[in-house]
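Counted the way the numbering used here counts, the sequence shown spans residues 10 to 356. The C-beta atom is built at its ideal place from N, Cα and C for all residues, glycine as well. Please read these numbers as outputs of a predicted model, since none were measured by experiment. Below is one structure, written out as structure tokens; the observations come after it.
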Amino acid sequence: MLDHITIPKPDLALSKRVISEINSKTKPPGSLGRIEDLAHRLAVAQNTDAPAADPARLLLFAADHGLVEEGVSAWPQEVTGQMVLNFLAGGAAANAFAKACGATITIVDAGLAQSLPARADLVCANIRHGTRNSAIEDALTPDETGQALRFGADLAIAAADDGAKVIALGDMGIGNTSSAALIAHSIADLDLNALTGPGAGLDERGVRHKLGVLQKAADRHTRPMEPIAALSAYGGLEIACMAGAVIGAASRHAVSVIDGFISTAAALVALSARPEAAEYVVFSHRSEEPGHRLMLNELNVKPLLDLDLRLGEGSGALLALPLLRAACAMLNDMATFEGAGVSGQSE
């Protein structure tokens, strides 16, 4: 996937040096727990002894899903476009959290079903207006999938070249929990029943109907599927763009911060195809969407937060930014035993 993009290998000498520096700080070894691990990851990813969490940029990808025709969502499809207008007006949780956390936002029409008026603050992928209904045909052609991957990668590369050290990934798309569940089921052969949750508010009857639709879609292909084939089969132009963004960010030593269920499906695609990108990825939180735990376990990662979130939009990724800043501050600003004249641990 995106084989023309090179992902740098970690500098092992730098890694050892950073570990030594963390252990020399005025604290018992390991006493700052996962903040120490986070500081090490950021330093190695950014290829520097002095990592930074700023500037931080949220790439917020919105797209529609043909599978909504099957009644898999409690919300009508037009809400996707309406929420994009809300993002542009500054009225969503993503806007409020970005302002509170000091991050900038790039809002992306990755594939809305409706056409919005052209505006300078809305980036458009111009691939297609929503995906096809994956219950009856593949959501995307291989060419469309490739376009979305390249678009997401190019956007992340541009953000990093513009100075972004951290790139948070967010999503908006009515029906996209269905696409994410199918992608995870197809790539990792995770249990579809366990992956199928209420999304944005389905009741128990709605979840049962959703599961039946997803099983119909899943039965169209044998498993496991290659990541690109799964993307094409079950779509999500926003998911494909985010997968590309993970690869693009890694190629520029920028750290991707993954949000919840949908962006973790994108990370599963990216890391299944390009496992070397894992060094450049941080998982922000554990979503209340039940299938999220399965994907996190499949990726063998432990997210930073568990706040009962289930919104998307990059909300959890933004809430994790202060932890990244604190990890950088620990490494950059905290004194060492030698520098502070403090005695070290007795032998």
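Residue i to residue j span [Cα, whole Å]
| i | j | result |
| --- | --- | --- |
| L327 | D268 | 8 Å |
| S124 | P37 | 57 Å |
| L21 | M92 | 44 Å |
| A129 | G99 | 15 Å |
| M251 | S272 | 7 Å |
| H218 | V291 | 34 Å |
| G244 | G184 | 11 Å |
| Q86 | A122 | 8 Å |
| F346 | V175 | 30 Å |
| D73 | T150 | 16 Å |
| G210 | D12 | 39 Å |
| V222 | L94 | 30 Å |
| S188 | T89 | 15 Å |
| S352 | K25 | 23 Å |
| A54 | E79 | 42 Å |
| N309 | T205 | 20 Å |
| I9 | G172 | This structure gives no information on residue 9, because the portion of the chain shown stretches from 10 to 356. |
| F106 | M304 | 25 Å |
| R137 | S33 | 54 Å |
| A7 | I192 | As shown, the chain starts at 10 and ends at 356. That puts residue 7 outside it, with no answer to give. |
Reduced DSSP category for residue i - H, G, I as helix; E, B as strand; rest coil
| i | result |
| --- | --- |
| A65 | strand |
| M343 | coil |
| I114 | strand |
| M181 | strand |
| V351 | coil |
| A72 | strand |
| L131 | strand |
| L11 | coil |
| L41 | coil |
| L240 | helix |
| L199 | coil |
| L314 | strand |
| H138 | coil |
| A275 | helix |
| S143 | coil |
| R214 | helix |
| T150 | coil |
Which residues DSSP lists as bridging residue i, in chain order
| i | result |
| --- | --- |
| K34 | T345 |
| S265 | I176 and V290 |
| G120 | A72 |
Assumed close pair residue i, residue j - CB separation to whole angstroms, cut-off 8 Å
| i | j | result |
| --- | --- | --- |
| L332 | L313 | 5 Å |
| P236 | V278 | 5 Å |
| I44 | A275 | Between A275 and I44 the Cβ distance is about 26 Å, and since that is not below 8 Å, they are no contact. |
| R232 | D198 | 5 Å |
| G161 | G253 | 3 Å |
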